[in-house]
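Peer 1: Can you keep this structure in mind? I'll have questions shortly.
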Amino acid sequence: MFRTAIISLSLIFLAQVSVAATSCNSFIQAFNEYTQKVEGKIVKKHSIFEMTDWSRNSRFQGFVLTEKAPANAEVILESKAGGKTKAMKTVAKKTKPFAQDNKYRVVEMDLEKQLASAPTGSGSFIVRVLADGKELCAEKRLIYDDGD
Amino acid sequence: MKKSILTILVMAVLPSFVFAAEPEIVVTAPRPQKNDKAVMMKLTSNYIVRNLNGEQVCNLAKGSMVAVTAVAPDAERVQIMVPNGPCAGVVNGFVYINYLRPVTQSVDKFTETALVELNGLSLRKEPSVEDGTFSCSLPKNAKVNIVNEVQKRNRWVEIEIENPPAGCPTKGWVVASYLKPDLDLKTLPKASGKVLTEARTPVDCTECVQGETSGGKVSAASKTAKNAQEIERFVNAPQGAQIPSPFTAFAKELQRSRKCPPAKQSEYKCNRGLMQMPTDGNAGFCGTHHYTPDRPPGVDTYAAPHTACSLAAVAQEWKKTVCPNDNAGCRIAWGDISHSNRPLFNGHKEHTSGECIDIRPFNKGSFRDAGRKVGSGDYDRETTVAFLKLAKKFGGDIRYSDRKISNEHRDLGIAWGGSAHNNHMHICFEASNSTVKNACNNLNVDPAVCSELQ
Chain Z
-3 MFRTAIISLS
7 LIFLAQVSVA
17 ATSCNSFIQA
27 FNEYTQKVEG
37 KIVKKHSIFE
47 MTDWSRNSRF
57 QGFVLTEKAP
67 ANAEVILESK
77 AGGKTKAMKT
87 VAKKTKPFAQ
97 DNKYRVVEMD
107 LEKQLASAPT
117 GSGSFIVRVL
127 ADGKELCAEK
137 RLIYDDGD
Chain S
485 MKKSILTILV
495 MAVLPSFVFA
505 AEPEIVVTAP
515 RPQKNDKAVM
525 MKLTSNYIVR
535 NLNGEQVCNL
545 AKGSMVAVTA
555 VAPDAERVQI
565 MVPNGPCAGV
575 VNGFVYINYL
585 RPVTQSVDKF
595 TETALVELNG
605 LSLRKEPSVE
615 DGTFSCSLPK
625 NAKVNIVNEV
635 QKRNRWVEIE
645 IENPPAGCPT
655 KGWVVASYLK
665 PDLDLKTLPK
675 ASGKVLTEAR
685 TPVDCTECVQ
695 GETSGGKVSA
705 ASKTAKNAQE
715 IERFVNAPQG
725 AQIPSPFTAF
735 AKELQRSRKC
745 PPAKQSEYKC
755 NRGLMQMPTD
765 GNAGFCGTHH
775 YTPDRPPGVD
785 TYAAPHTACS
795 LAAVAQEWKK
805 TVCPNDNAGC
815 RIAWGDISHS
825 NRPLFNGHKE
835 HTSGECIDIR
845 PFNKGSFRDA
855 GRKVGSGDYD
865 RETTVAFLKL
875 AKKFGGDIRY
885 SDRKISNEHR
895 DLGIAWGGSA
905 HNNHMHICFE
915 ASNSTVKNAC
925 NNLNVDPAVC
935 SELQ
């Protein structure tokens, strides 16, 4: 019985660790909307992808929550640019349906304002997804200057 | 002395006989406010001199000696004067200070001095960023003397450090673009006056030629003549023979330059000698994709005419022969070229002259408007290699950080760009490259592929 209890406790602990260690990719992704000429006409298109580092050549317009994310999920974006800039934190609790694909919900958050404002183009940002006060995942990415 | 003055006057007048006559423009030089003594500096690259509005005024060759007389309101550009050549007598010409180096004359040689611009600049044993070349990090504002120079994809200079930090040797190599002139701009008078924004002649974008003079006559103020005498004395000093004559070097550049095919001016926007590559939102020329467009739309899509020819040629051939499907991952996705009227923008140091473009690595599968790095799961190395070969075929100089591609395709001459270039290719199509000129001469736009360029 003691052995069973230890195994159960271990499994519970591992389950909690595995939830916290779950890649955010299953809950939240990045997106870009763009226009493309198709048979002479301009049409709207989009790309949804695993979030990337933030730089001039690798930026994105926003985040979308996937179907796996709970309905009450909230997203926290923390960023710290290089140098003596202060850390910034944004909490988003609202989402709206993604017009081009209703499987996703757009997180109402101004990424450009927070990430593009880094004056030195360096630093990092962390995205956390929470539900019912519990962190489902956290993912860190770089902010960097790839201009030449 | 008399011969020297006569030479200056002849050289100043000669361009107006050699090139097409333009309407006479009278420009009055501004009155200097503080220090009346010009600072002698040397141009570090071929340069299109512009007024404060960004309009082309004249051109100078690399190595030209100029007199710096005042600082522009933006504290980044300086007013220059040149005694002879195409810029002779120009009083509204400005150059970004980072393209100039002070030159001082000591007993037996000329010494170019500079300061380290960035904290932690890497000093290397040789002009390369390969492993094993690192020596130490230099602090910001460290004073250095430039003793040698080599042009690879970047311009490298060999420096002697006057007071090397602990652990640093007294000599080594650094990338020249991270040095700034050893000159306190606050000691210069401030340039002012309405005339400083006047273009010497209107820029006709049907003849956007790299290196062509704009001709014309300008009445010289006394300040110009005085600076001319100073430069002449400086250049004709015993060691003067080591400094190339600006006029001779510039004339040689003219011989190498070629005209671009005339554009349909009514359909193309043109500014500071650059032409706007057509875009409609993200939809670019010849089926390409323009990512992260700046505002207002199209402001970051300005290319030098010869570069525009090469880009169109590359995009057209790519679409016709490799990637006819715009929904495939092989679709060309490009970011910044140059700004319509700001040489420096978005933190770039090199997207100034309309000759360079940033292009994303290609992705496997369907086209995705997303950034990616070398090694990303969707990175398509094979297609990227095919594209680099095509760019090279049309005269592209490439900077990109994929070690495998660099090692396996040394014939492409790809410069290593460090971690900043593992998510995009930086490709330049320069006027000095004969292949680029040929691309321009041979370009036939296929309306079925590149309807935007008709």
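As they're listed, the protein sequences go chains Z and S.
With our numbering applied, the first sequence has no gaps in its numbers, which climb one by one up to 144 at the end.
With our numbering applied, the second sequence has no gaps in its numbers, which climb one by one up to 938 at the end.
C-beta: ideal position from N, C-alpha, C; glycine also.
1) For the segment 547 to 561 of chain S, which residues have a CB atom closer than 8 Å to at least one CB atom of chain Z, in sequence order?
2) Going by DSSP in three states, Gly902 of chain S sits in which element: helix, strand or coil?
3) By Cβ distance, which residues of its chain are closer than 6 Å to Ser860 of chain S, with the 5 residues on each side in sequence left out?
4) Alpha carbon to alpha carbon, how far is Asp144 of chain Z from Ala904 of chain S?
5) Quick check on the DSSP output: the alpha helix (DSSP H) that includes Leu111 of chain Z runs from which residue to which?
6) Let me check you understand the geometry: is the CB of Lys655 of chain S closer than 7 Å to at least one non-hydrogen atom of the ligand HEM?
7) I want to verify the contact list: residues of chain Z whose CB lies under 9 Å from the CB of Arg852 of chain S, in sequence order.
8) So that I know if they touch, is there some Cβ in chain Z lying closer than 8 Å to that of Ser766 of chain S?
9) Restricting to Cα atoms, I'd like to know which of S:Gly880, S:Pro781, S:Ser794, S:Ala797 is closest to His823 of chain S.
10) Can you check DSSP and say which residues form a bridge with Met549 of chain S?
11) Verify the CB distance criterion: does Asp810 of chain S have a CB-CB separation below 8 Å to chain Z?
12) Looking at the secondary structure, which residues open and close the alpha helix (DSSP H) in which Glu866 of chain S lies?
13) By the DSSP assignment, the beta strand (DSSP E) with Arg887 of chain S in it spans what residues?
14) Return the CA-CA distance between Lys701 of chain S and Gln57 of chain Z, expressed in angstroms with no decimal places.
15) Buried or exposed: Ser51 of chain Z, going by 16 or more other Cβ atoms within 10 Å of its Cβ?
16) Taking a cut of 7 Å between CB atoms, which residues from the segment 833 to 844 of chain S lie near chain Z?
17) Just reading off the beta strand (DSSP E) that Gln563 of chain S is part of, what are its end residues?
18) Taking DSSP as the reference, what is the three-state secondary structure of Gln800 of chain S?
19) Please classify Leu669 of chain S: does DSSP put it in a helix, a strand, or coil?
20) Could you tell me whether the Cβ of His823 of chain S comes closer than 8 Å to any Cβ of chain Z?
21) In chain Z, what lies closer than 7 Å to His908 of chain S by C-beta?
22) Pull up the CB-CB distance for Met105 of chain Z and Leu73 of chain Z, whole angstroms please, since I reckon it's below 8 Å.
23) Is there a Cβ from chain Z that is less than 8 Å from the Cβ of Thr776 of chain S?
24) How would you call Tyr140 of chain Z, buried or exposed, if buried means at least 16 neighbouring beta carbons within 10 angstroms?
25) Closer than 8 Å by beta-carbon distance: list the chain S residues that pair up with Thr31 of chain Z, in chain order.
26) If you run the structure through DSSP and keep just helix, strand and coil, what is Cys793 of chain S?
27) Leaving aside the five residues before and after Met84 of chain Z along the sequence, list all residues of the same chain whose C-beta is less than 6 Å from its C-beta, in chain order.
28) Can you tell me whether Phe618 of chain S is buried or exposed? The criterion is at least 16 other CB atoms within 10 Å of its CB, across all chains shown.
29) Please work out which residues of its chain come closer than 7 Å, Cβ to Cβ, to Val798 of chain S, disregarding the five sequence neighbours upstream and downstream, and give them in chain order.
30) Could you give the DSSP three-state label for Asn922 of chain S: helix, strand or coil?
31) If distances are taken between C-alpha atoms only, which option among Z:Ala95, Z:Leu61, Z:Phe45 comes closest to Val125 of chain Z?
32) Less than 8 Å between CB atoms is the rule here; does Ala875 of chain S satisfy it with respect to chain Z?
33) What residues in its chain sit with their C-beta under 6 Å from that of Ser6 of chain Z, if we drop five residues either side in the sequence?
34) DSSP on Phe769 of chain S, reduced to helix/strand/coil?
35) Classify Lys37 of chain Z: buried if its beta carbon has 16 or more other beta carbons within 10 angstroms, exposed otherwise.
36) Can you find a CB in chain S that lies within less than 8 Å of the CB of Ile185 of chain Z?
Peer 2: The relevant details are as follows:
1) none
2) helix
3) none
4) 8 Å
5) 107 to 111
6) Among the components modelled here there is no ligand, and therefore nothing to report on the ligand HEM.
7) Asn28, Ser43, Ile44, Phe45
8) The displayed chain sequence assigns Asn, not Ser, to residue 766 of chain S. With 8 Å as the cut-off, Asn766 of chain S counts as an interface residue toward chain Z.
9) S:Pro781
10) S:Lys526
11) yes
12) 865 to 877
13) First-last for Arg887 of chain S: 887 to 892, but that is the alpha helix (DSSP H), not the beta strand (DSSP E).
14) At Lys701 of chain S the pLDDT is 31, less than 50, meaning the model places this residue with poor confidence and gives no usable figure here.
15) buried
16) Lys833, Glu834, Asp842, Arg844
17) 561 to 565
18) helix
19) helix
20) no
21) Asn53, Asp142
22) 6 Å
23) yes
24) buried
25) Asp764, Gly765, Asn766, Ala767
26) helix
27) Ser75, Gln110
28) exposed
29) Leu874, Ala875, Phe878
30) helix
31) Z:Leu61
32) no
33) Only weak support is given to the placement of Ser6 of chain Z: the predicted model assigns it a pLDDT of 46, under 50, and the value that follows is read from those uncertain coordinates. No residues qualify anywhere along the chain.
34) helix
35) exposed
36) Only positions -3 to 144 of chain Z appear in this structure, which leaves residue 185 of chain Z out of reach.
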